[in-house]
Amino acid sequence: MSRTISIDPVTRIEGHAKITLQLGDDGKVSDAKFHLTQFRGFEKFCEGRPYREMPAITARTCGICPVSHLLASNKACDDLLSVAIPTTAENLRRVMNLAQLTQSHALSFFHLSSPDLLLGWDSDPASRNVFGLMKANPQLARDGIRLRQIGQQIIETLGGKKIHPTWVVPGGVNEPLSQEKRDAMLALLPEGLEIARQTFDFYKRLVPKFQQEARHFGDIPTLFLSLVTPKGDLEHYDGLIRISDATGRIIEDMVPPKEYERIIGEAVEDFSYMKFPYYKPHGYPQGMYRVGPLARLNNAESCGTPYADVALAEFRTLQESGPISSSFHYHYARLVEIIFALEMMKRLLNGPRITDHRVRARARSNQHEGIGVAEAPRGTLIHHYRIDDDGLMTWMNLVIATGHNNLAMNASIRQVAEAYVDGSRLEEGMLNRVEAVIRCFDPCLSCASHAFGQMPIQVELQDPDGKVVARLRRDAGNP
Amino acid sequence: MEDSRGASQATGFSRRALVIGYGSPIRGDDALGPLVADRLARRDLPQGVTVIARHILTPDLVPAVCDARLVVFVDAAISGTPGEIHCRRLKPAQAPPVTVAHFLDPAELLAWAEALYDKLPTAFLVSTPGHCFDFGHFRLSEPVAGAVEALTERVHDLVAGHIPAAP
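In order, the protein sequence lines correspond to chains W and R.
So the first sequence is numbered by the working numbering: it starts at -3 and just counts up by one.
So the second sequence is numbered by the working numbering: it starts at 14 and just counts up by one.
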């Protein structure tokens, strides 16, 4: 008799999701699915609104990565205006994007994933959380807070608000950077870089312990998609699309982001509200690819900053050859990217024209279609708008960073479940590993403000008729 | 929106009270917290009061919480009679909720402050139950909109009661 295990909700990720594991007659996993169970409908409710509202509205998609939506949306609006924004404005936007990446990656690594990494997947769930982390390694928890603070302070210094800044506008930014603000931001970076390098060294020594997890946490052959610079280096704000395959061979290169529809298709499935993007030439679902820090580092020739390039070289030793294939190493990749972000912000802020007063190109809409693409912390983010003659939105498509990874997350869950879940006996550690593989991707399924972390997690074994034959439950405050 | 009037750098006062209004501005009544924060920031507040609006509560707020003697969180509640104003004292969470997403709740923030920095300010949650939290809603429901002024007043009184006006 086949049975289904459901993990609902998945913990320590953003938004609402659940996992179901279909067990075969032998008690082994025969199928696995990752469900996004919340619907937001941005593409629909934005129709009819002025395109200039889109940066402010779409940034409300999330309280964690609003800057990513702000940038992609404004880039789409730049395209509608048909303007090239001033170089200084572009560099200031880059700084904001890197600050966002720093704070977002810090939250993922230090506070969401570290409990598993430091305390172990089989440790008591009552203490396998950030409180347990505080007891085991309070300095790591404080370092995470400090890195987030640094990222947020830079966002606030530039944008005037830590969350949902309105400083980025179509055509550039609405205020030049003062020397005083530049110096204030520069003063934060040495401490951040010191924390990032220390944490990288710490994790580098820790990672050999996780060889088994690395083998089973989404070690799957997929394509990798990301932006790269025209030279093929690490890129987060602009650049061109590169896709490499599981052997490291580049199969698409220097693709202008405006041509994304030529290479990216989007499928839908009835079990999730999240779309399933795929590489069109390979078809669905064979065209599975991954985005985000792992893909960016696999695709980049180099980072282009000193310490990050050393860290990248060490990252590449995780595997004897080829791209780093295990999704487990998203954690490692995030640390490399934090180092890069801090170094690159310093370089940009020390640029000779960073305080130039020409920071905005002014225009009205000059075409009916605009596409904006940037690298969010979790991967490539695409905003695609169409407007009418009055500048009102007639159509919108958002390809969210987390969505790109949807096929890969499902495949990763199945792999880890096959390795660890035995339906004849349910153990919490098995199921935590299934959740943990999702946390490797750090999915941001949107910020649901009232989804306080007080829902219980429940795992049920069900027969084909839906009858519950076993249940594993952890209640809020009573793990 | 962030108003740092009375900030320690300018006055020599330590930051004494922190008001954090939080919620999503595009989810109907969830916008209550930021709206109240916005109104409060425009008032004549005692020195040393900082008002912050946030979409969600995140760990980088912990140092600001540690720096305050009084912290007032303002939020829309999920259940109850919309428009009714509630004010309750908060204690730090004794155990973390099982689902720890990218955001924290007020009791968790207090627990982080206590566990990592050995600081525990007096804290309150001032709220009113919301009626509609759907995405793409840009207005408050009628009962919640009607409670904004009274709720702002309640927070103001709470702060003034704990933080006397500067001489």
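For glycine and all other residues, C-beta sits at the position ideal for the given N, C-alpha and C.
The model shown is predicted, which means the values in this text are computed figures rather than measured ones.
| query | Do the segment 304 to 317 of chain W and the segment 135 to 151 of chain W meet, that is, are 3 or more Cβ pairs less than 8 angstroms apart? | reply | no
| message | Any C-beta of chain W within less than 7 angstroms: which residues of the segment 25 to 57 of chain R qualify? | response | Gly36, Ser37, Pro38, Ile39, Arg40 and Asp43
| query | What residue ranges within the segment 63 to 139 of chain R form continuous beta strand (DSSP E) runs of no fewer than 3 residues, ordered along the chain? | reply | 83 to 90 and 99 to 102
| message | Along the segment 101 to 118 of chain W, where does the CB come closer than 8 angstroms to a CB of chain R? Name the residues. | response | Leu103, His107 and Leu108
| said: With three or more beta-carbon pairs closer than 8 angstroms as the criterion, would you say the segment 157 to 173 of chain R touches the segment 43 to 53 of chain R? | reply: yes
| query | Given W:Arg45, which residues of its chain have a CB within under 6 angstroms of its CB, disregarding the five upstream and five downstream residues? | reply | Met389
| Residue interval of the alpha helix (DSSP H) (run including W:His212) | Gln207 to His212
| query | Counting along the chain, where does the alpha helix (DSSP H) carrying W:Ile396 start and finish? | reply | Element bounds for W:Ile396: n/a, residue is neither H nor E.
| field | Residues of its chain near W:Ile53, where Cβ-Cβ distance is below 8 angstroms and the 5 sequence neighbours each way are ignored | value | Phe38, Cys42 and Arg45
| Any C-beta of chain R sitting closer than 8 angstroms to the C-beta of W:Gln148? | yes
| message | Between the alpha carbons of R:Leu138 and R:Ala81, how many angstroms are there, rounded? | response | 15 angstroms
| Counterpart residues of W:Tyr381 in DSSP-defined beta bridges | W:Gly366 and W:Met392
| task | Give the residues from the segment 138 to 168 of chain R that approach chain C closer than 7 angstroms (Cβ to any Cβ), ordered along the chain. | result | Although the question refers to chain C, the structure presented lacks it and instead comprises the protein chains W and R.
| With C-beta atoms as the reference, is R:Val208 less than 8 angstroms away from R:Ala30? | The displayed coordinates of chain R run from 14 to 180. Any statement about residue 208 of chain R would go beyond what the structure contains.
| request: Since I believe W:Thr57 is in contact with W:Asp352 (beta carbons under 8 angstroms), could you give me their beta-carbon distance rounded to a whole number of angstroms? | output: Rounded, the Cβ-Cβ distance is 31 angstroms, inconsistent with contact.
| Is the beta carbon of W:Tyr275 sitting closer than 8 angstroms to the one on W:Gly288? | no
| request: Indicate the three-state DSSP secondary structure (helix, strand or coil) for W:His446 in the structure shown. | output: Interpretation of W:His446 is limited by its pLDDT of 31, a score under 50 that renders its predicted location unreliable; the figure taken from the coordinates is listed afterwards. Looking at W:His446 - three-state DSSP - the assignment turns out to be coil, as it is neither helix nor strand.
| query | Which chain R residues are close to W:Arg138, counting only those with a beta carbon under 7 angstroms from its beta carbon? | reply | Leu129
| Looking at W:Arg435 and W:Thr398, is the spacing between their C-beta atoms short of 8 angstroms? | no
| message | Check whether chain W comes within 8 angstroms of R:Val84, counting only Cβ atoms and requiring the distance to be less than that. | response | no
| said: Using a Cβ-Cβ distance cut-off of 8 angstroms, determine whether R:Asp170 contacts chain W. | reply: no
| Buried or exposed (CB count within 10 angstroms, at least 16 for buried), W:Ala447 | Note that W:Ala447 scores a pLDDT of 32, beneath 50, so its modelled location is shaky; the value from the coordinates is reported in the next line. Classification of W:Ala447: buried, given that the 10 Å Cβ count is 16 or more.
| Taking Cβ to Cβ, would you say W:Thr243 is nearer than 8 angstroms to W:Leu331? | no
| said: So R:Pro76 contacts chain W; which residues on that side make the cut at Cβ distance below 8 angstroms? | reply: Ile141 and Gln145
| How would you label W:Val478, buried or exposed, when you count the other beta carbons within 10 angstroms and need 16 or more for buried? | This structure does not reach residue 478 of chain W, given that chain W is present from -3 up to 475, and the question cannot be answered.
| request: Spatial neighbours of R:Pro38 within its chain, please: CB distance less than 7 angstroms, with the 5 preceding and 5 following residues excluded, ordered by chain position. | output: Ala44 and Pro47
| request: Specify, as a first and last residue, the run of the beta strand (DSSP E) that W:Pro273 falls within. | output: Phe272 to Tyr275
| message | Quick check: what's the CA-CA separation for W:His31 versus R:Asp147? | response | 20 angstroms
| query | What is the rounded straight-line gap between the Cα of W:Ile350 and the Cα of W:Phe336? | reply | 19 angstroms
| query | Taking 8 angstroms as the CB-CB cut-off, is R:Pro3 touching chain W? | reply | The structure shown has nothing for residue 3 of chain R, since chain R only spans 14 to 180.
| query | For the putative contact between R:Leu103 and R:Ala120, defined by C-beta atoms under 8 angstroms, what is the C-beta separation to the nearest angstrom? | reply | 6 angstroms
| query | Rounded to whole angstroms, how far is the Cβ of R:Gly143 from the Cβ of R:Val157, which I believe are closer than 8 angstroms? | reply | 6 angstroms
| query | Nearest to R:Ile98 by CA position, among R:Gly159, R:Leu123 and R:Gly36, is which residue? | reply | R:Gly159
| request: Run down chain W in chain order and give the residues with a C-beta less than 8 angstroms from the C-beta of R:Asp80. | output: Those within 8 angstroms of R:Asp80 in chain W number zero; the least Cβ separation is about 12 angstroms.
| task | Mind checking which residues open and close the alpha helix (DSSP H) that includes W:Arg90? | result | Thr83 to Ala102
| said: At the 8 angstroms Cβ level, is W:Arg56 part of the contact set with chain R, yes or no? | reply: yes
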